[in-house]
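In my numbering, the protein residues as written are 306 to 722.
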């Protein structure tokens, strides 16, 4: 196997305009999607692409942090680097010059995510395989070596994390049919907050005609009656058998959430996403207890494995929406997926990578960890910008075959721009 030594770390502030209303929720309007992008060039002419999502202004801050954190990766050989990547990420997260800005959250953690995702992309390209295949070919011990399990010792010590993977080895073949059948998706793009009612209805019908059986509606209005009306409207259009998720984007106080979640029961939501402030674990616990069995989903704004651990311990989350472009990249995503497996919770990722990276990770979660086969969020707005966009047919993500993590962007490469 050829040595692929990292010879440079570059960043790109890449931004994408959105069509009117697209990407809007109860707090974000008029935003543009943006990727703080890491490019790791190798001595053999390959490059790894790492992306994390922001919403425009502030993207450059993440790029600057990537440059500060990434300097120590230059000169590293990718196989050697990934052999003990958990220790590498722990060291980077503890950088004494930058840790004060976190720790393990905010701009510096997003920078670590972009660097981490670029390392995994380069590693898979160096081996000539798609990311899902690379991960499945690793031994349980090699997977654990990718992870920083510090501060989880009370619930997920090293030995138990490895044992979860070992225990799934004999039954892997039973779950590998997902590689042929594909991974089901759900359509987020039908119900953006600023879409008019008729547009939501039309998009919902189109989604159902394209094979989707699950979709999401943005709620969290200042007028609760708007949310109730639109949720009931979408249920009428989608029919009784469709799965409909409702996403409040953290806009309700606990008293408001208690009231409106009770009122929303009538339209049978599959889950309520981000009902209140993402740092308020106790409020989520109280809400979960009050509205049971209506489930709560969250993760879009949960920054790291420790906070996820606390949510799980409190019984404050039922669907884990970890995102490899919000936590410290692919490695921390896998750590949190193991935590969720320990607590018996399903993982339904938020897709800040627009599904590109997560389409690989859910395959590993399903086959190697034994996670339930549910669905993966679909946001199609940026497909035209990727070199190899996710292929979604009849509502299903088809298994990617191109080497890497499917993160490469058109016109974005080392030395360009």
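Virtual Cβ for every residue (Gly too), placed ideally from N, Cα, C.
Whose CA, out of the options, lies closest to the CA of residue i?
| i | options | result |
| --- | --- | --- |
| residue 716 | 311, 308, 320, 306 | 320 |
| residue 561 | 314, 530, 661 | 530 |
| residue 317 | 323, 344, 527, 332 | 344 |
| residue 578 | 537, 522, 587, 527 | 522 |
| residue 373 | 417, 407, 390 | 417 |
| residue 448 | 720, 670, 492 | 670 |
| residue 649 | 460, 367, 606, 361 | 460 |
| residue 439 | 714, 569, 705, 596 | 705 |
| residue 311 | 323, 431, 395 | 431 |
| residue 499 | 662, 616, 535, 620 | 535 |
| residue 325 | 613, 486, 494 | 494 |
| residue 600 | 621, 711, 458 | 621 |
| residue 475 | 682, 614, 673 | 673 |
| residue 696 | 638, 504, 659, 678 | 659 |
| residue 329 | 421, 526, 397, 509 | 526 |
| residue 456 | 644, 377, 700 | 644 |
| residue 677 | 479, 616, 327, 422 | 479 |
Hey, is residue i close to the ligand ZN, as in C-beta under 7 Å from one of its heavy atoms?
| i | result |
| --- | --- |
| residue 514 | Judged by which ligands are present, the structure shown has none, so any question about the ligand ZN falls away. |
Under 7 Å Cβ to Cβ from residue i, same chain only, skipping five residues before and after it: list those, please.
| i | result |
| --- | --- |
| residue 445 | 467, 470, 471 |
| residue 322 | 337 |
| residue 690 | 321, 714, 715 |
| residue 349 | 307, 309 |
| residue 361 | 320, 336, 337, 339 |
| residue 502 | 535, 538 |
| residue 685 | 494 |
Ordered along the chain, which non-local residues of its own chain (more than five positions away) have a Cβ less than 8 Å from that of residue i?
| i | result |
| --- | --- |
| residue 465 | 647 |
| residue 403 | 370, 373, 374, 413 |
| residue 384 | 306, 308, 309, 428, 431 |
| residue 606 | 555, 579, 583, 631 |
| residue 546 | 518 |
| residue 367 | 341, 357, 359, 412, 415, 416, 419 |
| residue 347 | 309, 310, 311, 312, 353, 383, 427, 431 |
| residue 692 | 713, 714, 715 |
| residue 576 | 550, 551, 599, 600, 601, 602, 623, 624 |
| residue 351 | 309, 427, 430, 431 |
At which residues does the beta strand (DSSP E) containing residue i begin and terminate?
| i | result |
| --- | --- |
| residue 617 | Looking at the DSSP string, residue 617 is not in any beta strand (DSSP E); the run it does join, the alpha helix (DSSP H), is 610–619. |
| residue 642 | Where residue 642 is concerned, there is no enclosing beta strand (DSSP E), although the alpha helix (DSSP H) it sits in stretches over 634–648. |
| residue 346 | 338–347 |
| residue 550 | 548–552 |
| residue 603 | 601–603 |
Is residue i helix, strand or coil when you go by DSSP?
| i | result |
| --- | --- |
| residue 625 | strand |
| residue 726 | Only positions 306 to 722 of the chain appear in this structure, which leaves residue 726 out of reach. |
| residue 712 | coil |
| residue 519 | strand |
| residue 588 | helix |
| residue 325 | coil |
| residue 476 | helix |
| residue 575 | coil |
| residue 430 | helix |
| residue 318 | strand |
| residue 482 | coil |
| residue 540 | helix |
| residue 702 | strand |
| residue 652 | strand |
Starting from the C-beta of residue i, find all residues in its chain whose C-beta is less than 6 Å away, skip the five residues before and the five after it, and write them out in chain order.
| i | result |
| --- | --- |
| residue 387 | 428 |
| residue 506 | 542 |
| residue 688 | 694 |
| residue 315 | 344, 719 |
| residue 709 | 426, 429, 430 |
| residue 619 | 586, 590 |
| residue 532 | 524, 526 |
| residue 512 | 492, 495, 520 |
For the alpha helix (DSSP H) containing residue i, list its first residue and its last residue.
| i | result |
| --- | --- |
| residue 436 | 436–442 |
| residue 672 | 663–674 |
| residue 565 | 559–569 |
| residue 684 | It is not in any alpha helix (DSSP H) - residue 684 carries neither H nor E in the DSSP assignment. |
| residue 447 | 445–449 |
| residue 678 | Taken as a continuous stretch (DSSP letters only), residue 678 belongs to no alpha helix (DSSP H), as it is neither H nor E. |
For a cutoff of 8 Å on Cβ pairs, would you count residue i as touching chain C?
| i | result |
| --- | --- |
| residue 641 | Absent from the structure is chain C; it holds one protein chain and no more. |
Only counting runs of 4 or more residues, tell me where the alpha helix (DSSP H) segments fall wholly within the region 372–423, in order along the chain.
-> 383–388, 390–398
Entirely within the region 489–534 and at least 3 residues each: give me those beta strand (DSSP E) ranges in chain order.
-> 519–523
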